[in-house]
Amino acid sequence: MKRIYLDHAATTPTDPEVVKAMLPYFTDAFGNPSSIHSFGQEAKAAVEDARDKIASLIGARGEEIVFTGGGTEADNLALKGIAYANKRGNHIITTAIEHHAVAESCKFLERRGFEVTYLPVDRCGLVDPDDVKKAISDKTILISVMHANNEVGTIEPIAEIGRIARESRVYFHTDAVQTVGHIPVDVNELGVDLLAISAHKLYGPKGVGALYIRKGTRITPLMLGGEQERRRRASTENVPAIVGFGKAAEIAQREVDGEAKRLISLRDRLTESLLELIERIHLNGHPTWRLPNNVNVSIEFVEGESLLLNLDLEGIAASTGSACSSASLEPSHVLLALGLPHELAHGSLRFTLGRETNEADIDRVLAALPPIVTRLRAMSPLTKST
């Protein structure tokens, strides 16, 4: 039985071209980029080439890309780095549906005297730009709104918020981990000053990410000890991973438009068929203004974990939400912020499609899931109480 992987929002398989590009930097080209001899300069050239490829993918300049250990570190650097560097105020604006990397950084800063406004979202997961504008005060130093939500796939009105931030002279950060490489992203069109990326979400290796920092942005480094990354992030660069990241960015830039159209077709077919085949099922997130590969539904009278286990027995991998909180028994904070009751939030299921997903995989899901729901509902006390 072929295994079907529909959890690409959690991680993606590393592209074979990426692996091939990385291999020489484990062996022959193993130098430290900070070394002045030929081994080091060879490694440094590879790092700078990757930096330029990633910058090109998002419409930035190479000098504005800072390599990190992943998207979480990039988000932490953005929030804490801006907070510590800007003494004119202590107020941060964010939303109730941010990834934990942003939410926990905000809580960390609150415990250290900063004030954070958590804006609500509507039933589709959209933040209102007017709410952002109204929340800005003379103490506001940073706005952080994710580009697209990792659970429900809703794409936020980042360009509109960017205009508001510029007019108010407030730094603007977006977590673009789910969008870079999957939809067109241009930092200038979006109007952002900081943007977080993670390589393993776009078919690159795990353990490497980047933070775009617009030239002129004042930021305090979190990692100290060396002068790497123009003194913005100390630590010897992970050359093989960075090279792989660059190759992944190059491939994504080449394929993003065509792949997005293909995935939208598969996504819409899966969504429409599930809503037809299963009673009392609800789509979460915006119906159209969403990531090309994201289908998130809540199914009444069943537990999401039970759905996952039964799908896994059928060889189908999906999720109930963010992989970073998969060990938690609490319902998704994102779904609760959308207004879902606890019992419905517990019945959520997320399918995120990828490059290898095809029509036959969608057929398998549509054949497997309805009988699983019927079987689980037959055993559920919630079904019997209605």
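Residue 564 is where the sequence shown starts when you use my numbering, and the numbers rise one by one after that.
Heads up, the beta-carbon is just placed ideally off N, CA and C, and yes, glycines get one too.
Using beta-carbon positions only, say whether residue i and residue j come within less than 8 Å of one another.
i, j, result
"A573", "S895", "no"
"P803", "M942", "no"
"I704", "H663", "no"
"Y775", "I656", "no"
"G848", "N712", "yes"
"A930", "L874", "no"
"N649", "R781", "yes"
"E813", "K565", "no"
"E636", "G772", "yes"
"T915", "H763", "no"
"G807", "G767", "yes"
"L569", "A923", "no"
"I660", "V684", "yes"
"R832", "I567", "no"
"K643", "L785", "yes"
"V755", "G779", "no"
"G910", "G770", "no"
"I935", "L837", "no"
"P855", "I827", "yes"
"E800", "P579", "no"
"I718", "R853", "yes"
"R765", "A739", "One detail in the question is off: residue 765 reads as Leu in this sequence, not Arg. Result no, Cβ atoms of L765 and A739 do not sit closer than 8 Å."
Thinking C-alpha only, which one of the options is nearest residue i?
i, options, result
"S707", "E626, A641, G625 and R651", "A641"
"E899", "E678, T658 and F914", "For clarity, residue 899 is Leu in the given sequence; the question names Glu instead. The shortest Cα separation from L899 among E678, T658 and F914 belongs to T658."
"P747", "L569, H710, G725 and I805", "H710"
"A592", "A606, E580 and I599", "A606"
"Y681", "A698, D693, D578 and S619", "A698"
"T783", "I645, L765 and G725", "I645"
"G744", "I760, G754 and N921", "I760"
"G723", "E752, V733, A609 and V740", "Note that residue 723 corresponds to Glu in the displayed sequence, not to Gly. The residue with the shortest Cα to Cα distance from E723 is E752."
"D612", "Q791, I805 and E906", "I805"
"A728", "D738, S700, D749 and N595", "S700"
"R777", "E719, T737, L765 and E906", "T737"
"V733", "R795, R651, Q791 and E719", "R651"
"N921", "R830, G878 and A618", "R830"
"R913", "F671, F602 and L846", "L846"
"F671", "V690, D691, D693 and Y647", "Y647"
"T834", "Q816, N857, R817 and V610", "N857"
"T742", "Y588, E678 and A815", "A815"
Which two residues bound the contiguous alpha helix (DSSP H) that contains residue i?
i, result
"V629", "Element bounds for V629: not the alpha helix (DSSP H) but the beta strand (DSSP E), I628 to T631."
"S731", "I721 to S731"
"E678", "That residue, E678, is in no alpha helix (DSSP H); its beta strand (DSSP E) goes E678 to L682."
"S601", "S601 to L620"
"G772", "That residue, G772, is in no alpha helix (DSSP H); its beta strand (DSSP E) goes G772 to I776."
"K583", "P579 to M585"
"H521", "Outside the displayed span of the chain (564 to 949) sits residue 521, for which this structure offers no information."
"D924", "E922 to M942"
"H905", "H905 to A908"
"N751", "V750 to L753"
"Q791", "Q791 to R794"
"V695", "P692 to A698"
Taking buried to mean at least 16 other C-beta atoms within 10 Å of its own C-beta, is residue i buried or exposed?
i, result
"S668", "buried"
"F735", "buried"
"K702", "exposed"
"K810", "buried"
"L903", "buried"
"Q512", "With the chain covering 564 to 949 only, the question about residue 512 has no answer from this structure."
"P944", "exposed"
"T590", "exposed"
"R686", "exposed"
"S885", "At S885 the pLDDT is 49, less than 50, meaning the model places this residue with poor confidence; the figure from the coordinates comes in the next sentence. That one is buried."
"R793", "exposed"
"R674", "exposed"
"L787", "exposed"
"H537", "Nothing about residue 537 can be reported from this structure: the residues present for the chain run from 564 to 949 only."
"R563", "Residue 563 is absent from the structure shown; the chain starts at 564 and stops at 949."
"A558", "Residue 558 lies beyond the range of the chain shown here (564 to 949); nothing can be said about it."
"G688", "buried"
"G634", "buried"
"H953", "This structure cannot settle anything about residue 953, because the visible part of the chain is limited to 564 through 949."
Which two residues bound the contiguous beta strand (DSSP E) that contains residue i?
i, result
"R913", "S911 to T915"
"D560", "Any answer about residue 560 is impossible in this case: the structure gives the chain only from 564 up to 949."
"H663", "First-last for H663: H663 to E673, but that is the alpha helix (DSSP H), not the beta strand (DSSP E)."
"A759", "L757 to S761"
"N649", "Unbroken run through N649: none, as it is neither H nor E."
"S707", "T703 to S707"
"L846", "I844 to L846"
"I656", "H654 to T658"
"N801", "Note, N801: premise wrong, no beta strand (DSSP E); not H, not E."
"N857", "N857 to I862"
Worksheet item: Taking three-plus beta-carbon pairs below 8 Å as touching, is the region 621–633 in contact with the region 820–828?
Response: no
Worksheet item: Contact between the region 829–846 and the region 860–870: three or more CB pairs below 8 Å?
Response: yes
Item to complete: Answer yes if the region 932–942 comes into contact with the region 579–593, meaning at least three C-beta pairs across the two stretches below 8 Å, and no otherwise.
Response: no
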